[in-house]
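Enquirer: Those sequence lines, one after another, are chains F and W.
For the first sequence, the working numbering begins at 1 and goes up steadily by one.
For the second sequence, the working numbering begins at 1001 and goes up steadily by one.
First the structure, then my questions, so here it is.
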Amino acid sequence: MQEIRLDDRLTRPMPTADPLRKQGGEGDGPSKPDVKRPESRNILDRMKRVDPNQAKRYRQRSGE
Amino acid sequence: MIGLETEYGIYVEGKGAQDLVAEATYLVKAAPGPVATGWDYKHEHPRRDMRGFTVDHLSVDPNDAQFEQSGKTHLSDIEVRSDRVLPNGARLYNDHGHPEYSTPECTSLRELIANDRAGERIVQRCAERRMARNGGVLVALYKNNTDFHGASYGTHESYLVQRDLPFENLLRGMLPFHVSRQIFAGAGKVGVENVAPAPEGVHYQLSQRADFFTTIASVDTLYNRPIINTRDEPHADARRYRRFHVICGDANFCEIASLLKVGTTLLVLRLLETGWLPEGVDLRDPVVAIKQVSRDPSLKWRVERAQALGGGTIGAVDIQRVYLAAAKERLAGLSEETDLVLAEWEAVLDRLESDPLSLSDTLDWAAKRALVEQYREAEGLAWGDPALQSIDLEYHNVDPEAGLYLGLEQAGEVRRLVTEDEVARAAEEPPAGSPRAVVRGMAVRRFHEAVKSVTWSRMLLDDGGGQTVGIRMAQVQDLDPATVREALEPARTPAAFVAALERLEREAGTAGVNDTDVSDDETAATAGAALV
């Protein structure tokens, strides 16, 4: 069985800004600078009700 | 035939991972009736490999093994798994600490997606019943594939394909496709797992699952997971079919993402069955490439091609375009769903190339990315703040009052393919286009107490007079589903039900169809040997 290999560990330089935002239009990356935002205020309210520690507590059995 | 299996994440207030096998059992047992029990594990063969051998054992995650003793219950394995077969023909059971909902066999993408969404409603109903029985202790269910701590669990796809499709062609044809389809099928994930130290600059990736694949092809699913799963368990006539069992996909909420994930895979399999093979897309190292595509913050998704092709790199969108071009040329016009998939496939690839973040109403990874970004800015958080993983997690909550995807859906901000009525109907009734599911679902609704044993390929029922009568799905598979429903409708006893079905099988000439589900070693060895 093949194990995880050393060359599997990707390293990339840390971008200085949000990695998914276009930097000044150069290159052939994403052409639209801004993420399309959900319009509803309700969804932000719902997100603010999320316990920020929920993912820390969330532990699962390994499945298939 | 196509199907989806989803292992749900389960959180129970006050409980740890060691308790989740027991908690998943409680949850499955809370399924409202009527349900049939008696799943027959004698007919399951997860160690059988389509390359013509059977492995002695499957790999187990050593980090997970610590929970085996501390979380051990006093129940038998059958009681722990607590399989339920539902009136819609689906299976609900406890798979290693995860409630798993397996859709019934479907024959259309629309029915499959309605049934997949119905699974969310069914498990949430189980959670509500469990909470009511357990003093209101919170049970939350997540349609996702990771716990952010290195434990992954699957969303698997099943495709019935012709057995004479050579394994080598399947492997060569599907590897670049699976590596690249995450660009529309990924559910998105905050952070990276299974790598130490974490790669710099990768805060968000396309796929929940890509971090967990360490080999190209194997029969394993729990550990050392492969991009191509070689399990040979067709649940149908093994001489005619294999079931291509895809384990590298994510759980999707976005219905267009599901349409593309399953629809494009189906079309590529049809292409491979005709003998077509992709050219110019073989990859130097698919295991590396699947992670590169998922983690690439530039969204260019370029990966290295095989040295035999002269090396260089190719973009995931370009890989997908090779498959799309062949599908358009050879399969366009086959059906309305084929043309729908082809149109959405092309449109989504165009937008992925020009404006990928605009797909937040269409693809899960983009929808979640937009939510995380909105929350991050509102709260003034840096990328890397652990609260963002909690937003990721809650995207997948199936509680309509809490789930973030479901919040988007309620606000009308994501594209739908099926209606709420179709989802509600799919939770109660078998898919109308699937004769196997129609038979199984009707038998469960009417005679669940008479069901003695059940598998995907067979059912045994007590006829009420001390005799056992059987149903073989291979003989049902090619019947007209509407005719089946009409013929079975008047049956008031299991014996009459089976007799009516046998009359149909005789009239259709399917009564003698071989129903071997590689359930005996000799047949499996013969069928498998023919592949190598």
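Where is the CB? At the ideal position from N, CA and C, for every residue including glycine.
Keep in mind it's a predicted model, so treat the numbers as computed, not measured.
Taking the C-alpha atoms as reference points, what is the distance between Q1320(W) and W1276(W)?
Expert: As a first step, residue 1320(W) is located in the second sequence; it is residue number 320 there, counting from the start. As a first step, residue 1276(W) is located in the second sequence; it is residue number 276 there, counting from the start. Spanning the two alpha carbons is a distance of roughly 15 Å.
Enquirer: Have a look at E1486(W), A1402(W), V1195(W) and flag the residue whose alpha-carbon is nearest the alpha-carbon of V1139(W).
Expert: The residue given as residue 1139(W) occupies position 139 in the second sequence. Among E1486(W), A1402(W), V1195(W), the Cα nearest to that of V1139(W) belongs to A1402(W).
Enquirer: When you compare each of R1305(W), G1186(W), V1317(W) to F1594(W) by their alpha carbons, which one comes out closest?
Expert: There is no way to answer for residue 1594(W), as the model of chain W reaches only from 1001 to 1532.
Enquirer: Taking E1120(W) as the reference, which of A1114(W), H1448(W), L1501(W), V1398(W) has the closest Cα?
Expert: What you label residue 1120(W) is simply residue 120 of the second sequence in a count that begins at 1. For the residues A1114(W), H1448(W), L1501(W), V1398(W), the minimum Cα distance to E1120(W) belongs to V1398(W).
Enquirer: What residue from G1188(W), Y1153(W), E1168(W), T1274(W) has the CA that sits closest to R1225(W)'s CA?
Expert: In the second sequence, residue 1225(W) corresponds to position 225, counting from 1. The shortest Cα separation from R1225(W) among G1188(W), Y1153(W), E1168(W), T1274(W) belongs to Y1153(W).
Enquirer: Would you mind listing the alpha helix (DSSP H) stretches within the segment 1138 to 1211 of chain W that are 4+ residues and don't spill past its ends, in chain order?
Expert: Whole alpha helix (DSSP H) segments, 4+ residues: 1167 to 1185.
Enquirer: Please identify, using Cβ separations under 7 Å, the residues of the segment 1341 to 1354 of chain W that lie next to chain F, in order along the chain.
Expert: Listed by position along the chain: S1354.
Enquirer: Using a C-beta to C-beta distance shorter than 8 Å, which residues of chain F count as neighbours of F1148(W)?
Expert: Residue numbering aside, residue 1148(W) sits at position 148 when the second sequence is read from its first letter. Result: A55, Y58.
Enquirer: What is the DSSP secondary structure of P1104(W), reduced to helix, strand or coil?
Expert: Position 104 of the second sequence, counting from 1, holds the residue named residue 1104(W). The answer is coil: DSSP assigns P1104(W) none of H, G, I, E or B.
Enquirer: Whose Cβ in chain F lies nearer than 7 Å to the Cβ of A1387(W)?
Expert: Numbered from 1 along the second sequence, position 387 holds the residue referred to as residue 1387(W). Ordered by position in chain F, the residues that pass the 7 Å Cβ test against A1387(W) are P52.
Enquirer: Apply the 10 Å Cβ neighbour rule to Q1389(W) and answer buried if 16 or more other Cβ atoms are within range, or exposed otherwise.
Expert: Position 389 of the second sequence holds residue 1389(W). Answer is buried; the Cβ neighbour count reaches 16.
Enquirer: Check this for me: beta carbons of T1265(W) and E1157(W), under 8 Å apart or not?
Expert: On the second sequence, residue 1265(W) is found 265 positions in, with the first residue counted as 1. On the second sequence, residue 1157(W) is found 157 positions in, with the first residue counted as 1. Going by C-beta atoms, T1265(W) is nearer than 8 Å to E1157(W).
Enquirer: So, for R1081(W): in the same chain, excluding its five sequence neighbours on each side, which residues have a beta-carbon less than 6 Å away from its beta-carbon?
Expert: The residue labelled residue 1081(W) in the question sits at position 81 within the second sequence. Answer for R1081(W): Y1093, N1094, listed in chain order.
Enquirer: To test your reading of the DSSP string, which unbroken alpha helix (DSSP H) runs of 4 or more residues are found completely within the segment 1017 to 1078 of chain W?
Expert: List check, alpha helix (DSSP H) in window: 1020 to 1029, 1062 to 1070.
Enquirer: Would you list, in sequence order, the uninterrupted alpha helix (DSSP H) runs of no fewer than 4 residues that lie entirely inside the segment 1218 to 1298 of chain W?
Expert: Taking only runs of at least 4 residues, the alpha helix (DSSP H) segments lying wholly in the segment 1218 to 1298 of chain W are 1255 to 1273, 1286 to 1295.
Enquirer: Helix, strand or coil for P1087(W), going by three-state DSSP, please let me know.
Expert: As a first step, residue 1087(W) is located in the second sequence; it is residue number 87 there, counting from the start. Three-state DSSP puts P1087(W) in coil, outside helix and strand.
Enquirer: Could you tell me if the beta carbon of T1455(W) falls within a distance shorter than 7 Å of some heavy atom in the ligand PLP?
Expert: For the structure depicted, the ligand PLP is absent and the ligand set is empty, with no information on it obtainable.
Enquirer: Please tell me whether N1094(W) has its Cβ less than 8 Å away from any Cβ of chain F.
Expert: Sequence index remark: in the second sequence, residue 1094(W) carries index 94 (1-based). With 8 Å as the cut-off, N1094(W) does not count as an interface residue toward chain F.
Enquirer: So, does the CB of S62(F) fall closer than 8 Å to a CB anywhere in chain W?
Expert: Mapped onto the first sequence, residue 62(F) falls at position 62. Yes, S62(F) counts as interfacial toward chain W.
Enquirer: Flag this pair as yes or no: are the beta carbons of D1232(W) and V1513(W) separated by less than 8 Å?
Expert: Against the second sequence, residue 1232(W) aligns to sequence position 232. Against the second sequence, residue 1513(W) aligns to sequence position 513. The answer is no: Cβ separation not under 8 Å.
Enquirer: Going along the segment 1035 to 1056 of chain W in order, which residues come within less than 8 Å of chain F, judged by CB to CB distance?
Expert: Against chain F - using a Cβ distance shorter than 8 Å - the segment 1035 to 1056 of chain W contributes no residues.
Enquirer: By a C-beta neighbour count over all protein chains shown, 10 Å radius and 16 as the cutoff for buried, is L1334(W) buried or exposed?
Expert: Here residue 1334(W) refers to the residue found at position 334 when the second sequence is read from its first residue. With fewer than 16 other Cβ atoms within 10 Å, it is exposed.
Enquirer: Can you tell which of D1350(W), T1215(W), A1370(W), V1322(W) has the C-alpha that lies nearest to the C-alpha of L1357(W)?
Expert: Counted from its first residue, the second sequence places residue 1357(W) at position 357. Selected option, being the one with the closest Cα: A1370(W).
Enquirer: Identify the residues that DSSP records as bridge partners of L1460(W): which are they?
Expert: What you label residue 1460(W) is simply residue 460 of the second sequence in a count that begins at 1. Bridge partners of L1460(W): S1453(W), G1470(W).
Enquirer: Give a yes or no on whether the C-beta atoms belonging to P1199(W) and V1190(W) are separated by under 8 Å.
Expert: Counting from one through the second sequence, the residue named residue 1199(W) turns up at place 199. Counting from one through the second sequence, the residue named residue 1190(W) turns up at place 190. No.
Enquirer: Tell me, please, whether the CB atom of V1021(W) is closer than 8 Å to any CB atom in chain F?
Expert: Numbered from its first residue, the second sequence carries residue 1021(W) at position 21. Chain F contact via Cβ: present.
Enquirer: Using CA coordinates, which residue listed in E1409(W), H1096(W), N1088(W), L1393(W) is at the minimum distance from G1188(W)?
Expert: By 1-based counting over the second sequence, the position of residue 1188(W) is 188. Ranking E1409(W), H1096(W), N1088(W), L1393(W) by Cα distance to G1188(W) puts L1393(W) first.
Enquirer: What does Y1153(W) touch in chain F if you count any residue whose Cβ is under 8 Å from its own?
Expert: Position 153 of the second sequence, counted from the start, is the residue given in the question as residue 1153(W). Neighbours of Y1153(W) on chain F, chain order: Q60, R61, S62, G63, E64.
Enquirer: Less than 8 Å between CB atoms is the rule here; does D28(F) satisfy it with respect to chain W?
Expert: Along the first sequence, read from residue 1 onward, the residue named residue 28(F) stands at position 28. In this predicted model, D28(F) has a pLDDT of only 41, less than 50, meaning its place in the structure is not dependable enough to derive any value.
Enquirer: With DSSP as the reference, identify every bridge partner of V1012(W), one or two as the case may be.
Expert: As a working note, residue 1012(W) is residue 12 in the second sequence. In the DSSP output, where bridge partners are listed per residue, V1012(W) has V1139(W).
Enquirer: Give every residue of the same chain whose Cβ lies closer than 6 Å to the Cβ of A1553(W), excluding the five residues on either side of it in the sequence, and list them in chain order.
Expert: Summary: the structure shown does not reach residue 1553(W), with chain W confined to residues 1001 through 1532, and so no result is reported for it.
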